[in-house]
Amino acid sequence: MGCPQVCSGATMSCSFGVAPAVLNVLPTNCTMTASMPAANIMDYIPLVNIPTFGMCQSPANPTVAAATAAALGVLTPMPCIPATASPWIPGAPTFLIGKMPALDANCTLMCSYAGVITISYAGQVQMLIP
């Protein structure tokens, strides 16, 4: 059995974020899974597909670095603004959605501030009808 297909409503977490976030997939590809728009590797746009993870704790984030310096070296988290600049990897190359590899639960997304975004719940739910 393959890895679950990711769809709109999937839960994600960032290695430097303090709260989970929900993936938003626009219905532009006209492909549904679990009655929700199915995701592909190109669903990585900050604040469109990838919302905030609450607060960011990455020293590579300039606002965190500045706040930490102002606090005399004490790590000071600042509001998260995702900085995802490249698609999810690796994708599912044998299953295309909108001419791009589908997004499955094993994919990861890198934030420019060194965070690794992972899927904790794919959003695909199968209902069994007796």
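Residue numbers (numbering that gives the first Met the number 0): 0 to 129. All C-beta atoms in this analysis are idealised placements derived from N, C-alpha and C, irrespective of residue type, glycine included.
Cβ contact annotation for S57 (same chain, cutoff 7 angstroms, sequence separation greater than five): F15, V63, Y112, A113, G114, in chain order. If you look at P92, you'll find it in the beta strand (DSSP E) that goes 91 to 96.
Linking S85 to L71 through their CA atoms gives a straight-line distance of about 34 angstroms. Beta-bridge partners assigned by DSSP to G114: none are found.
The Cβ neighbour count for L108, taken over all protein chains shown within 10 Å, is at least 16; the residue is labelled buried. Ranked by Cα distance from A20, the first of T27, A9, N28 is A9.
The shortest CA-to-CA distance from V24 to any of P3, T67, L46 is the one to L46.
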